[in-house]
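Quick notes on the structure that follows.
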Amino acid sequence: MNWQACAAIVEKADPDRFLSAMTASEHGRAVLFPLYAFNVEVARAPWVVSEPQLAEIRLQWWRDAIAEIYAGAPPRKHEVVEPLARVIREAALPRYPFEALIDARSFDIYADAHAGRSAFDAYLDATGAGLMRLAVASSGEDAAQIAGHVGWAHGAAGLLRALPTLWSAGRDPLPVDGGLPRQQVLNGEMPPSVAEAVRAVARDGLDRLAQAGRPRLNDTAKAALRAGWRSEAILKAVVRDPAAIFTGVEVSDFRRKGSLLIRTLAGRW
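In structure tokens:
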């Protein structure tokens with residue numbers, strides 16, 4: 051299997067990450083797309099089946115596939131597993147972030163709320179930050195802290211954008227003091243307790259982006275970090291007005307792609 055099959059999966063399911071990966075060289079794409087396709091497969095496992103047990107089986111399949119790779123067994127004949135095994139082997143990627151990401155996605159199977167803000171932060175660290183650390187590490191750069199900050203912010207921005215959809219699906223991913231007033235948010239209202247929780251996450255994401263700084267990195271690492279190129283604008287919009295998650299976060303396709311092009315031509319992420 052080749053990385054182009056992984057790219058097709060990412061293009062369909064995660065268009066922003068696809069566009070950012072396409073700013074890498076062909077070698078960089080061959081490294082990034084298998085990681086991103088793995089993320090797509092794991093992230094959608096809780097949503098493509100009707101029964102929690104079936105979702106757990108899908109996640110366990112990925113746990114077993116990862117375990118086999120690290121045990122040195124031949125990778126499973128699968129369009130993502132085979133190229134992913136090559137990336138893991140060639141970049142000597144650590145096992146734990148893959149397992150942590152899979153475990154974190156178990157939360158998405160159920161309607162239970164996070165136990166508190168610390169559990170929510172840990173979820174973003176395992177998903178958004180964990181994937182970004184793997185992507186940057188695959189480039190050969192030792193920049194885990196920077197990748198973690200950018201990935202956490204990117205994950206936060208994505209989750210905030212998705213909140214209306216998640217609420218409609220009966221999920222409760224954002225800890226809110228006093229509990230989520232579900233009917234109000236389903237009506238498009240932004241109660242003060244929800245606004246405070248949304249704004250706090252957005253501010254924390256901006257703080258992490260500021261901590262990341264702008265160090266000199268190789269081109270593949272910059273392409274990996276570019277996955278979060280829209281995060282700052284989204285988080286700033288939410289800080290200004292938490293109700294923007296309902297209407298005001300999205301921009302035109304021209305503006306979205308144009309901002310990525312400018313960053314790429316300037317060698318920035």
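Numbering (this note's numbering), first residue to last: 51 to 319.
From the three backbone atoms N, C-alpha and C, an ideal C-beta is built for every residue, glycine too.
| Check | Outcome |
| --- | --- |
| Nearest residue (CA-CA) to G298, options A87, L310 and L285 | L285 |
| Assigned secondary structure, G255 (DSSP; H/G/I helix, E/B strand, else coil) | helix |
| Alpha carbon of P406 to alpha carbon of V137, nearest angstrom | The question about residue 406 has no answer, for the chain in this structure spans 51 to 319. |
| Unbroken stretches of the alpha helix (DSSP H), 4 residues or longer, contained in the region 250-297 | 269-275, 281-290 and 294-297 |
| C-beta contact flag for G166 and G205 at 7 angstroms | no |
| Alpha helix (DSSP H) segment containing V90, residue limits | E76 to R94 |
| Whether V226 touches A260 by CB criterion (7 angstroms) | no |
| First and last residue of the uninterrupted alpha helix (DSSP H) at P133 | V131 to A141 |
| CA-to-CA distance, F148 to R155, given in whole angstroms | 11 angstroms |
| Spatial neighbours of W53 in its chain, beta-carbon cut-off 7 angstroms, leaving aside the 5 residues before and after | R79, A80, F83, P84 and P133 |
| Spatially closest choice to R183 from A316, A55, D64 and A194, by CA coordinates | A194 |
| Rounded straight-line distance, which links the Cα of Y146 to that of G308 | 36 angstroms |
| Spatial neighbours of L224 in its chain, beta-carbon cut-off 6 angstroms, leaving aside the 5 residues before and after | A247 |
| Assigned exposure category for Y160 - 16 Cβ within 10 Å defines buried | exposed |
| Within the region 209-239, ranges of the beta strand (DSSP E) (whole runs, at least 3 residues) | none |
| Own chain, CB closer than 6 angstroms to A141, minus 5 neighbours either side, in chain order | S188 |
| 7 angstroms CB neighbourhood of P96 in its chain, flanking five on each side removed | A105, R155, D158 and I159 |
| Check whether A185 and S281 have beta carbons under 7 angstroms apart | no |
| Simplified DSSP assignment, three categories, for S189 | coil |
| Which listed residue (A273, R232 and A207) has its alpha carbon closest to that of A219 | R232 |
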